[in-house]
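Written below as structure tokens is the structure these notes are about.
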Amino acid sequence: MFQGTRSSPDVRYAQVPNCETEQIRTLHYGRRFFDIAVFVDIIIAEYLLREIVQQEKSLKSKVRVLRKIATDEDKDKEAQYNEELTSLLRQYSEAEYKLYLAETMLPIGPIKQSYDTLRENTTWYLRKELVEDCVKRGGCCIRSCGCCRICHEITERNKGIGHCTPTCGCCSSERGFEYTAEEREGFVDDFKKKLYDNNPACVIQTAEAFFLLPLVEKPQEEKPQERTQC
């Protein structure tokens, strides 16, 4: 389990060595202290990849619909969508590289081993904590569409697979509108602020879901029944 710490047991910061004023946020795991930015950078990079992948999926769906209609006006719209898809190809490549760079900063040890083991399973994101988070945010896990459950089976990407972001086409249809790029940037900023907040609840819960293997409950041993004497 992660814990937020300072230099005493129940606070959330650690003093930067050889520095009298600056402080950095850390998480305590086992006997080690980790700069919180290591975890936040990976979480945000993965989120941005999901956003791009879901935007790609939504645009491709729109293109398929327009091709069935095939009017001159719709062809212009299709060309616009294809330009956006071309732009997303570059954005995906850049975001994938940023995730790689963030992952290289994860220190070698139990947490990195746990993180790598989690990612070997393409359904890692379906763990209970992340499904519940998607439900609370009004994502597809709250509906019967099954988008999150099957996205690892139908995606064309190796990365960016997971729960709903503001670019999810199914969620956009459900709420009746799409968020602007500026609004989406605001959501990312808000998420990052929550992860760096003095209250460590958000970053601890998110880090445990992203980096630690699920706890396996040990089966309880049955107690031998006492024999009664007649």
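Its first residue numbered 1473, the sequence shown is counted upward by one per residue in our numbering.
Heads up, the beta-carbon is just placed ideally off N, CA and C, and yes, glycines get one too.
The three-state secondary structure of Thr-1558, taken from DSSP, is helix. According to the DSSP secondary-structure assignment, Tyr-1501 is paired through a beta bridge with Arg-1504. The three-state reading of DSSP puts Phe-1511 in helix, counting H, G and I together.
In this structure, the beta-carbon distance from Gly-1634 to Tyr-1597 falls below 7 Å. A buried status is given to Glu-1518, since no fewer than 16 other beta-carbon atoms sit within 10 Å of its beta-carbon. Comparing alpha-carbon positions, the option among Gly-1632, Ala-1679, Cys-1674 and Gly-1648 lying closest to Glu-1528 turns out to be Gly-1632. For Glu-1555 against Val-1535, the beta-carbon gap comes to about 11 Å, at or over 8 Å, which does not count as contact.
Ranking Ala-1542, Thr-1595, Cys-1619 and Pro-1579 by CA distance to the CA of Phe-1511 puts Pro-1579 first. The residue from Thr-1627, Ile-1541 and Leu-1667 with its alpha-carbon nearest to that of Thr-1498 is Leu-1667. Taking C-beta atoms as the reference points, Thr-1595 and His-1624 count as a pair closer than 7 Å. When the Cα atoms are used, Thr-1543 and Leu-1557 turn out to be separated by approximately 21 Å. Taking 7 Å as the cut-off, the Cβ atoms of Ser-1530 and Gly-1641 count as close. In the DSSP assignment, Tyr-1587 falls within the alpha helix (DSSP H) that extends over 1582 to 1591.
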